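Student: In order, the protein sequences belong to chains A and Z.
Offset between the first sequence (1-based) and my numbering: plus 76.
Offset between the second sequence (1-based) and my numbering: plus 76.
Using N, Cα and C, we set each Cβ at its ideal position, and we do this for glycine too.
Keep in mind it's a predicted model, so treat the numbers as computed, not measured.
Okay, handing you the structure first.
Protein chains: 2
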Amino acid sequence: MNQDFSASRLQNTSRQEIRELVRAQLESLLRQRNYEGAKSLLVPVQAVDIAEAIEDLPESMQAIAFRLLSKEEAIEVYEYLPPNLQQEILTDFHRQDVLEIVESMSPDDRARLFDELPAKVVQKLLRQLSPTERDATNLLLGYKPDTAGRIMTPEYVSLKQNMTSAQALERIRTYAGGSETIYYLYVTDDARRLTGVLSLRELVLAPPDEKIENIMTRDFVFVHTDTDQEQVANTIKRYDFLALPVVDSEQRLVGIITVDDAIDVIEREVTEDIYTLGGLESGDDDYFQTNLFTVARRRVVWLLVLLITNTATHAVISSQEDVLDKVVALAAFIPLLIDTGGNVGAQSSTVVIRGLNTQEVVMGKAVNVVRRELIAGALLGVMLGVVVTVWAYIIQGNFPVALAVGTSLCAISLIASFAGAALPFLFRSFGLDPALMSAPFITTAVDVLGVLIYLNFARWILRL
Amino acid sequence: MNQDFSASRLQNTSRQEIRELVRAQLESLLRQRNYEGAKSLLVPVQAVDIAEAIEDLPESMQAIAFRLLSKEEAIEVYEYLPPNLQQEILTDFHRQDVLEIVESMSPDDRARLFDELPAKVVQKLLRQLSPTERDATNLLLGYKPDTAGRIMTPEYVSLKQNMTSAQALERIRTYAGGSETIYYLYVTDDARRLTGVLSLRELVLAPPDEKIENIMTRDFVFVHTDTDQEQVANTIKRYDFLALPVVDSEQRLVGIITVDDAIDVIEREVTEDIYTLGGLESGDDDYFQTNLFTVARRRVVWLLVLLITNTATHAVISSQEDVLDKVVALAAFIPLLIDTGGNVGAQSSTVVIRGLNTQEVVMGKAVNVVRRELIAGALLGVMLGVVVTVWAYIIQGNFPVALAVGTSLCAISLIASFAGAALPFLFRSFGLDPALMSAPFITTAVDVLGVLIYLNFARWILRL
């Protein structure tokens with residue numbers, strides 16, 4: 077109905093008037109930062125009129141108006157723009173003032189207003205950008221951080237399925253200069269949809285007059301622009317690929333991700349994992365380049381969490397103060413119990429968290445893994461318990477105290493192994509990052525239960 | 077002189093007799109496991125006679141006798157062996173009884189007796205082995221664990237430099253089946269020495285009648301069979317290579333390592349780093365498949381080290397027992413101080429150790445990095461000190477005690493940051509693994525100094 081209405085209106089008003097009307101309203105709405113309104117305004121307008129209205133907007137608004145269009149509209153409008161304006165809009169994508177306007181929108185607004193870009197626009201845009209410029213245009217591109225859209229490159233060779241292998245090789249010879257890899261070749265149809273993949277190896281080994289459609293693989297692996305980069309890297313790793321195609325929601329090819337970029341992703345993700353295990357919040361920036369206040373802020377979070385857990389530990393020790401008051405020598409073994417318990421727990425959680433991250437350990441095996449760790453904890457506990465009883469007796473000379481230390485260490489080792497193995501599974505099943513969540517809870521379990529067990533064993537063994 | 081002597085002896089004795097003499101002596105020495113003697117016996121003997129002597133040995137001894145030859149002798153002897161015996165000796169490389177004999181030699185003996193294998197033998201051998209079989213023959217191959225020799229594959233395409241690019245493509249079409257990658261091609265001379273590298277891309281883009289020597293890169297990157305696999309992976313990562321050639325000490329091409337194997341190496345090395353940071357000794361086997369006693373043994377080492385460090389902590393607390401005896405409430409804050417100190421130290425050591433492993437941090441920057449961490453530690457210390465003083469006052473109600481806790485936490489944070497940042501550099505400069513060595517020493521520094529500072533601050537603030 078909208079279409080009919082605007083078409084009939086078109087017959088009564090001159091095109092020039094409509095264009096001016098739309099332009100004026102659009103400009104006013106954009107100046108008011110009423111993006112929702114601007115988006116609604118454009119819905120009933122014909123693509124050709126939108127194209128001309130955009131042409132007349134101030135430069136800093138052209139790219140933003142274009143990004144408010146739905147994907148289907150954007151494809152059409154783009155086709156109506158004269159080539160120099162197509163170019164200008166793409167250039168605006170990394171103009172500082174344009175980016176500042178977009179930056180001032182709330183992230184939700186941006187996500188709601190910005191539809192996916194047409195494949196053709198993405199390719200043209202990415203092709204003219206250096207990696208640094210590409211980074212700067214991320215806002216207008218609308219791809220979320222750490223997704224395939226952010227790390228893909230447009231530098232690939234695409235072929236048509238009715239080419240012969242000789243024609244394809246000829247095309248590669250002509251266009252290979254701008255391609256990041258020519259070892260994987262991508263076959264697209266007229267609508268830019270990815271229909272097949274073939275390797276240069278297959279092409280070189282094929283007879284010269286063989287059609288591409290007979291050589292290409294139709295059952296290929298691909299990712300979407302919004303696929304998480306870690307999953308992209310894992311896919312490349314699992315299949316030993318040299319590159320992976322990235323498509324939009326309509327299966328149109330928009331870029332590729334090469335194995336060297338996947339290695340960089342693996343490196344960054346591993347650093348993130350290691351930082352999280354080490355109790356540091358990880359950021360996108362380089363730790364050694366970040367200013368020290370940011371560093372302190374990122375580190376203090378974990379340490380403040382420790383305060384909360386230690387409130388419980390403090391309460392437990394305070395409630396048992398009479399035991400310590402009678403045999404103050406018991407206090408000197410608290411560091412050993414806490415250190416050892418913390419380390420046994422860290423050992424178990426390290427292997428489970430690393431296993432979950434490398435997909436070596438799956439959720440379905442949780443019970444098996446936890447049982448294994450429990451048995452390992454028991455073995456460790458017995459070994460340590462015996463050694464520590466002897467050690468405590470030697471350095472302190474009081475056998476009942478030594479026995480209390482040894483037996484509680486055995487129990488703590490069991491608890492720590494269990495908590496270290498079980499908590500990562502628990503947090504993963506809630507959709508939380510096990511590396512981030514496990515350590516504070518393991519510390520609490522070990523400290524609170526450990527001290528409680530120790531002082532009660534002492535009370536009982538020493539008959540206090 | 078030896079050569080002359082055996083040559084003159086040859087004129088007096090029949091070839092048959094010499095062969096029988098060498099064979100009998102060789103067999104007897106091998107039965108006595110006198111490999112040094114066997115090696116000396118063969119030095120003055122002519123290659124052709126060694127070849128025939130080996131031919132007459134019992135099957136299980138043939139491969140071992142062959143492996144005792146120096147590289148130069150091995151090349152010659154191998155050429156004299158009839159093709160079926162060449163084949164048999166290679167097959168013996170993964171015969172169980174042969175491997176058992178080699179396994180029973182001491183590793184030093186093996187290393188001293190086994191010279192590098194000739195490139196031709198390596199290639200022939202690797203070509204007929206599956207990866208699992210290759211793993212089993214490692215003993216007889218003589219490549220050390222975690223070196224390029226262990227992970228290389230012989231499945232590459234080699235070219236000659238006087239071929240034209242059309243001839244090269246023809247050769248690739250014919251031989252590509254058995255190659256792991258055809259995207260990098262290796263040019264060797266008649267002595268199998270690697271003289272150049274070119275990519276399939278360069279070959280495809282070159283005119284058909286261009287000579288390979290005009291396209292190939294002479295200034296290529298390669299590794300040796302004994303290069304550490306981590307360095308191999310780093311080289312592939314740094315240069316974004318898809319494969320890397322492996323040469324022996326005479327620059328003869330023996331294999332290649334592909335990017336997917338490099339990714340596997342990165343994964344394994346990262347797991348090793350993470351395990352070490354988590355306080356577990358890492359082994360070649362899969363943690364989740366290893367039997368539990370091995371697991372317990374690998375984990376107990378770190379925990380026993382903690383005992384030694386805690387002897388010092390115990391001594392410090394015991395020597396300050398009078399303070400605790402007077403104000404037993406002080407004991408309840410010991411877990412907080414130890415936990416926080418341990419975590420601040422772990423944060424600093426995590427970033428430094430990860431930085432050293434990824435080569436993001438170099439030894440030359442040690443002073444800068446440690447200074448940064450000291451300042452971060454001071455910032456953290458002040459923030460935590462204030463918060464903790466308030467927290468301790470709230471939960472315990474005694475301001476002097478709270479002040480003692482807060483001020484000592486500030487000092488502990490400084491010490492922990494310093495120890496966490498400085499110790500990895502110190503251990504690396506001694507050629508030790510920072511991840512393995514740092515944690516126990518950081519724990520000691522934090523526990524001993526932390527408790528000492530705490531109890532002395534308390535003594536002074538509370539005027540005990």
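Since glutamate 421 (chain Z) is in the alpha helix (DSSP H), which residue starts that stretch and which ends it?
Tutor: One point to set straight first is that residue 421 (chain Z) is glycine, not glutamate, in the sequence displayed. Taken as a continuous stretch (DSSP letters only), the alpha helix (DSSP H) holding glycine 421 (chain Z) covers 410-433.
Student: What does glutamate 436 (chain A) reach in chain Z if we use C-beta pairs closer than 9 Å?
Tutor: Going along chain Z in sequence order, the residues near glutamate 436 (chain A) (Cβ under 9 Å) are Thr347, Asp362, Tyr363, Phe364.
Student: Please report whether the beta-carbon of glutamate 397 (chain Z) lies at a distance below 8 Å from any beta-carbon of chain A.
Tutor: Yes, because at least one Cβ of chain A sits closer than 8 Å to the Cβ of glutamate 397 (chain Z).
Student: Give me the chain A residues within the contact set of glutamate 343 (chain Z), using Cβ-Cβ distance strictly less than 7 Å, ordered along the chain.
Tutor: Going along chain A in sequence order, the residues near glutamate 343 (chain Z) (Cβ under 7 Å) are Thr434.
Student: Who does glycine 331 (chain A) pair with in a DSSP beta bridge?
Tutor: Per DSSP, A:Val322.
Student: If I'm right that serine 136 (chain Z) touches isoleucine 177 (chain Z) with Cβ under 8 Å, what's the distance once you round it to whole angstroms?
Tutor: That pair is a contact at about 7 Å.
Student: Would proline 536 (chain A) be called buried (16 or more neighbouring beta carbons within 10 Å of its own) or exposed?
Tutor: Before going on, a small fix: residue 536 (chain A) reads as tryptophan here, not proline. Per the 10 Å Cβ criterion, exposed.
Student: Can you list, in chain order, the residues of its chain with a C-beta nearer than 8 Å to that of leucine 400 (chain A)? Leave out the 5 residues immediately preceding and following it.
Tutor: Result list for leucine 400 (chain A): Ile393, Leu406, Ala407, Leu531, in chain order.
Student: State the Cα-Cα distance for the pair asparagine 367 (chain A) and alanine 452 (chain Z), rounded to the nearest angstrom.
Tutor: Each residue's Cα considered, the two are about 10 Å apart.
Student: With a threshold of 8 Å between beta carbons, is serine 394 (chain A) in contact with chain Z?
Tutor: Yes, contact with chain Z.
Student: For threonine 389 (chain Z) and chain A, any beta-carbon pair shorter than 8 Å?
Tutor: At least one chain A Cβ lies under 8 Å of threonine 389 (chain Z).
Student: How about leucine 261 (chain A): is its C-beta nearer than 8 Å to some C-beta of chain Z?
Tutor: Not one chain Z Cβ lies under 8 Å of leucine 261 (chain A).
Student: Contact between the segment 421-431 of chain A and the segment 505-524 of chain A: three or more CB pairs below 8 Å?
Tutor: Because the criterion of three Cβ pairs below 8 Å is met, the segment 421-431 of chain A and the segment 505-524 of chain A touch.
Student: Check valine 153 (chain A) in the structure and name its three-state DSSP category.
Tutor: Helix at valine 153 (chain A).
Student: Are the segment 503-510 of chain Z and the segment 367-379 of chain Z touching, with three or more C-beta to C-beta distances below 8 Å?
Tutor: Because the criterion of three Cβ pairs below 8 Å is not met, the segment 503-510 of chain Z and the segment 367-379 of chain Z do not touch.
Student: According to DSSP, arginine 269 (chain Z) sits in a beta bridge with which residue or residues?
Tutor: Note: arginine 269 (chain Z) sits in a beta bridge opposite Z:Arg328.
Student: Which chain Z residues are close to asparagine 386 (chain A), counting only those with a beta carbon under 7 Å from its beta carbon?
Tutor: Neighbours of asparagine 386 (chain A) on chain Z, chain order: Pro411, Leu412, Asp415.
Student: Suppose only complete runs of 4+ residues qualify. What are the alpha helix (DSSP H) ranges in the segment 212-261 of chain A, listed by chain order?
Tutor: Correct list: 214-217, 224-227, 241-251.
Student: Look up aspartate 336 (chain Z) in the DSSP assignment and say whether it is helix, strand or coil.
Tutor: In the structure shown, aspartate 336 (chain Z) sits in a helix (DSSP, three-state: H, G or I).
Student: Kindly indicate which three-state DSSP category aspartate 191 (chain Z) falls into: helix, strand or coil?
Tutor: Residue state, collapsed to three classes: coil.
Student: What does DSSP give as the partner residue(s) for serine 275 (chain A) in the beta ladder?
Tutor: For serine 275 (chain A), which the question treats as bridged, DSSP gives the partners A:Tyr260.
Student: Would you kindly report the start and end of the unbroken alpha helix (DSSP H) that includes methionine 482 (chain A)?
Tutor: Per the sequence shown, residue 482 (chain A) should be read as glycine rather than methionine. 475-505 is the extent of the alpha helix (DSSP H) around glycine 482 (chain A).
Student: Anyone know if the C-beta pair for threonine 303 (chain Z) and valine 273 (chain Z) falls short of 8 Å?
Tutor: Not a contact, by the Cβ cut-off of 8 Å.
Student: Is any heavy atom in the ligand GTP found nearer than 7 Å to the beta carbon of arginine 375 (chain A)?
Tutor: Looking at this structure, you won't find the ligand GTP or any other ligand, since it has none at all.
Student: For the segment 258-267 of chain A against the segment 326-338 of chain A, are there 3 or more C-beta pairs whose distance is under 8 Å?
Tutor: Result yes; three or more Cβ-Cβ pairs closer than 8 Å.
Student: With 16 as the cutoff for other CB atoms within 10 Å, does asparagine 433 (chain Z) come out buried or exposed?
Tutor: Buried: at least 16 other Cβ atoms inside 10 Å.
Student: As a quick exercise: from A:Asp336, A:Ile151, A:Leu318, pick the residue whose alpha carbon is nearest that of threonine 257 (chain Z).
Tutor: Of the candidates A:Asp336, A:Ile151, A:Leu318, the one whose C-alpha sits nearest the C-alpha of threonine 257 (chain Z) is A:Leu318.
Student: Per DSSP, which one or two residues make a beta bridge with histidine 300 (chain A)?
Tutor: A:Val323, per the DSSP bridge assignment.
Student: Does the segment 377-388 of chain A come into contact with the segment 494-502 of chain A, if we say contact requires no fewer than three beta-carbon pairs (one atom in each stretch) closer than 8 Å?
Tutor: No, the segment 377-388 of chain A does not touch the segment 494-502 of chain A.
Student: Jot down the residue ranges of each uninterrupted alpha helix (DSSP H) in the segment 375-408 of chain A, minimum 4 residues, whole runs only, in chain order.
Tutor: Segments of the alpha helix (DSSP H) lying fully in the segment 375-408 of chain A: 397-402.
Student: Assign proline 159 (chain Z) to buried or exposed, taking buried as 16 or more other Cβ atoms, counted over all protein chains shown, within 10 Å of its Cβ.
Tutor: Burial call: exposed.
Student: Considering just the uninterrupted stretch of the alpha helix (DSSP H) at alanine 309 (chain Z), what are its terminal residues?
Tutor: Alanine 309 (chain Z) -> alpha helix (DSSP H) spans 305-315.
Student: Would you mind working out which of Z:Gln101, Z:Asp191, Z:Glu306 sits nearest glutamate 221 (chain Z), comparing C-alpha positions?
Tutor: The sequence given here places proline at residue 221 (chain Z); glutamate does not occur at that position. The shortest Cα separation from proline 221 (chain Z) among Z:Gln101, Z:Asp191, Z:Glu306 belongs to Z:Glu306.
Student: When DSSP labels each residue in this structure, what does threonine 366 (chain Z) get in the three-state scheme?
Tutor: Coil, per DSSP.
Student: So with CB distances below 8 Å, who are the chain Z contacts of valine 445 (chain A)?
Tutor: Here the neighbours are Phe364.
Student: Decide if phenylalanine 81 (chain Z) is buried, meaning its Cβ has at least 16 other Cβ atoms within 10 Å, or exposed.
Tutor: With a pLDDT of 43 at phenylalanine 81 (chain Z), under the threshold of 50, the predicted position of this residue should be treated as unreliable, though the coordinate-derived value follows. It counts as exposed.
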